[in-house]
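Heads up: the sequence lines are chains Z and A, in that order.
For the first sequence, full-length UniProt numbering assigns the number 1 to the initial residue and increments by one for each residue that follows.
For the second sequence, full-length UniProt numbering assigns the number 1 to the initial residue and increments by one for each residue that follows.
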Amino acid sequence: MTAALQIALLALVVAAAAATAVLRSVLSAVVAFGAYSLSIAIIWVFLRAPDVGLTEAAVGAGVMTVLFLLTIVKTDSPTVERTFEQIDLRAAAVALALVLALSSTVFALPAVGDAGSPVATDDVTSYYLDSAYEETHVENVVTAVLAAYRGFDTMGEAVVVYSAGVGLLVVLNREVFG
Amino acid sequence: MSDAPETVGVSSYVGSPIIMATVRVVMPFVFTFGLFVMFHGADSSGGGFQGGVIVGTVVLMLGIAFGIGATRDWIGPRLPVALVGIGVLAFLFTGFGSVLLGAGFLEYSVYHDLGIPHATKYGIEFVELAIGVIVAGIVTGLFFSIAAGVGGERE
Numbered sequence: 001m002t003a004a005l006q007i008a009l010l011a012l013v014v015a016a017a018a019a020t021a022v023l024r025s026v027l028s029a030v031v032a033f034g035a036y037s038l039s040i041a042i043i044w045v046f047l048r049a050p051d052v053g054l055t056e057a058a059v060g061a062g063v064m065t066v067l068f069l070l071t072i073v074k075t076d077s078p079t080v081e082r083t084f085e086q087i088d089l090r091a092a093a094v095a096l097a098l099v100l101a102l103s104s105t106v107f108a109l110p111a112v113g114d115a116g117s118p119v120a121t122d123d124v125t126s127y128y129l130d131s132a133y134e135e136t137h138v139e140n141v142v143t144a145v146l147a148a149y150r151g152f153d154t155m156g157e158a159v160v161v162y163s164a165g166v167g168l169l170v171v172l173n174r175e176v177f178g
Numbered sequence: 001m002s003d004a005p006e007t008v009g010v011s012s013y014v015g016s017p018i019i020m021a022t023v024r025v026v027m028p029f030v031f032t033f034g035l036f037v038m039f040h041g042a043d044s045s046g047g048g049f050q051g052g053v054i055v056g057t058v059v060l061m062l063g064i065a066f067g068i069g070a071t072r073d074w075i076g077p078r079l080p081v082a083l084v085g086i087g088v089l090a091f092l093f094t095g096f097g098s099v100l101l102g103a104g105f106l107e108y109s110v111y112h113d114l115g116i117p118h119a120t121k122y123g124i125e126f127v128e129l130a131i132g133v134i135v136a137g138i139v140t141g142l143f144f145s146i147a148a149g150v151g152g153e154r155e
């Protein structure tokens, strides 16, 4: 049952990604991209990564779709006389070759949930799982690692978000109001 | 922009009773859920980043339902940027505060000396809250900036 659902979700992700690439209308492409983000968020939940799934659903499917929609309102969209983009066969061949080359690394990954995978047996992982609650009094080990053990990294990320956001706001506001 | 009065933009906002009523009903729940994800990130999935985005989404919903210009006038141009700055400063002060108390950078347990119970836990919660404030401010600020100027809208 779960396997069938996962295969259906994967098919949906691939179909939505392909639709995003080939649809000629930008609006349709944005909608397809939202569907792609939402289905990949559900896949994250299936893979026991609810933190990532929540981020993908909120940012990828929610906020990004709205920002894309606002952006395409500002651009001149081409008149849509056909549904699909004419596919450049050479570009498609390059993209396919890249996908195949990257897919060759998939076989090197451990199986999902494999107890003997290096990630699960590593000393660092077992240290976090054993002592995270005692040392941080936090039940979610992901949060403990992010905010306590690697708090300095997270602070750097917060500063990156701050600088990127403020930089963008300055540029956009100058363009609009300046 | 100015020579295209027919542009279907954000300025050509048409109030839809269905969207307005839906947003009115859904908004408190989304806001509460965002705060829950932000505050509860220590014990369940989620955290400041996800919760901040969800809280920021509330402003996006308000903008879509009641007009982006009206929402921006209501919130004001400075509040999102101020929130971002406050969040970063709160994070930095948490880090340097523990140094001032004689421990390492971001070593939350030292705040126990100030009488805070479960200092590490609440330190993590505080930092998550700061991250949430940063992300929510950036999301709303980007939304207003990208939406501004659509269809010749000027302030």
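From the three backbone atoms N, C-alpha and C, an ideal C-beta is built for every residue, glycine too.
Note that the structure is a prediction, hence the values are computed from the model and not measured.
Handout entry: Delimiting residues of the alpha helix (DSSP H) encompassing residue 57(A)
Key = Element bounds for residue 57(A): 48-66.
Handout entry: Separation of residue 105(Z) from residue 98(Z), as counted between CA atoms
Key = If you take the alpha carbons of residue 98(Z) and residue 105(Z), they lie about 12 Å apart.
Handout entry: residue 23(Z) - partner residues in DSSP beta bridges
Key = Its beta-bridge partners are 84(Z).
Handout entry: Residues that residue 59(Z) contacts on chain A, provided the C-beta gap is smaller than 8 Å
Key = Close partners of residue 59(Z) in chain A (Cβ separation under 8 Å): 53.
Handout entry: Range covered by the alpha helix (DSSP H) that runs through residue 78(A)
Key = Per DSSP, residue 78(A) belongs to no alpha helix (DSSP H) and is neither H nor E.
Handout entry: Beta-carbon spacing of residue 86(A), residue 158(Z) below 9 Å
Key = Inclusion of residue 86(A) and residue 158(Z) in the CB contact set at 9 Å is not warranted, their separation being larger than that value.
Problem - N- and C-terminal bounds of the alpha helix (DSSP H) containing residue 99(Z) - result: Run containing residue 99(Z): 89-103, per the alpha helix (DSSP H) assignment.
Practice task
Within the same chain, show all residues whose beta-carbon is closer than 7 Å to that of residue 19(Z), passing over the 5 residues directly before and after it, in chain order.
Solution key: Only 32 meet the Cβ criterion.
Practice task
Taking only beta-carbon positions, decide if residue 13(Z) is within less than 9 Å of chain A.
Solution key: Not a single C-beta of chain A is nearer than 9 Å to the C-beta of residue 13(Z).
Practice task
Report yes if the CB atom of residue 50(A) is closer than 9 Å to the CB atom of residue 154(Z), and no otherwise.
Solution key: Cβ distance not < 9 Å, so residue 50(A) and residue 154(Z) don't count as in contact.
Exercise for the section: Enumerate in chain order the residues of its own chain whose CB-to-CB distance from residue 144(Z) is below 6 Å, with the five nearest sequence positions on each side excluded. Expected result: The answer, listed in chain order, is 132, 136, 138.
Exercise for the section: Specify, as a first and last residue, the run of the alpha helix (DSSP H) that residue 62(Z) falls within. Expected result: Premise fails: residue 62(Z) is in no alpha helix (DSSP H) and is neither H nor E.
Exercise for the section: Please check if any C-beta of chain A sits within less than 9 Å of the C-beta of residue 161(Z). Expected result: Taking Cβ atoms only, chain A reaches closer than 9 Å to residue 161(Z), which makes this a yes.
Practice task
Just the C-alpha distance for residue 71(A) and residue 84(A), rounded to the nearest angstrom, thanks.
Solution key: Their backbone Cα atoms lie some 19 Å apart in a straight line.
Exercise for the section: Please check if any C-beta of chain A sits within less than 9 Å of the C-beta of residue 31(Z). Expected result: For residue 31(Z), not one C-beta of chain A is nearer than 9 Å to its own C-beta.
Practice task
Determine, using beta carbons only, whether residue 139(Z) comes closer than 9 Å to chain A.
Solution key: Chain A contact via Cβ: present.
Exercise for the section: For the alpha helix (DSSP H) holding residue 115(Z), just list the boundary residues, first then last. Expected result: Taken as a continuous stretch (DSSP letters only), residue 115(Z) belongs to no alpha helix (DSSP H), as it is neither H nor E.
Exercise for the section: Reducing DSSP to helix, strand and coil, say where residue 147(A) ends up. Expected result: DSSP places residue 147(A) in helix when its eight states are reduced to three.
Problem - Given 8 Å, three or more beta-carbon pairs between the segment 124-142 of chain A and the segment 158-171 of chain Z - result: Yes, the segment 124-142 of chain A touches the segment 158-171 of chain Z.
Handout entry: Cβ contact (3+ pairs, closer than 8 Å) linking the segment 99-118 of chain A and the segment 13-31 of chain A
Key = At 8 Å Cβ cutoff, the stretches do not touch.
Practice task
Check the Cβ-Cβ distances between residue 62(Z) and every residue of chain A, and say whether any is below 9 Å.
Solution key: Using a Cβ-Cβ cut-off of 9 Å, residue 62(Z) counts as an interface residue toward chain A, since at least one Cβ of chain A sits closer than that to its own.
Exercise for the section: Using a Cβ-Cβ cut-off of 9 Å, state whether residue 43(A) counts as contacting chain Z. Expected result: Residue 43(A) counts as touching chain Z.
Practice task
Measure from the alpha carbon of residue 22(A) to the alpha carbon of each residue in 64(A), 43(A), 110(A), then state which is nearest.
Solution key: When only C-alpha atoms are compared, the closest one is 64(A).
Handout entry: CB contact flag (residue 58(Z), residue 47(A), <9 Å)
Key = Against a cut-off of 9 Å, the Cβ pair of residue 47(A) and residue 58(Z) comes out as no contact.
Exercise for the section: Name, please, each residue of chain Z whose Cβ falls closer than 8 Å to the Cβ of residue 116(A). Expected result: Residues of chain Z passing the Cβ test: none, with the nearest at roughly 12 Å.
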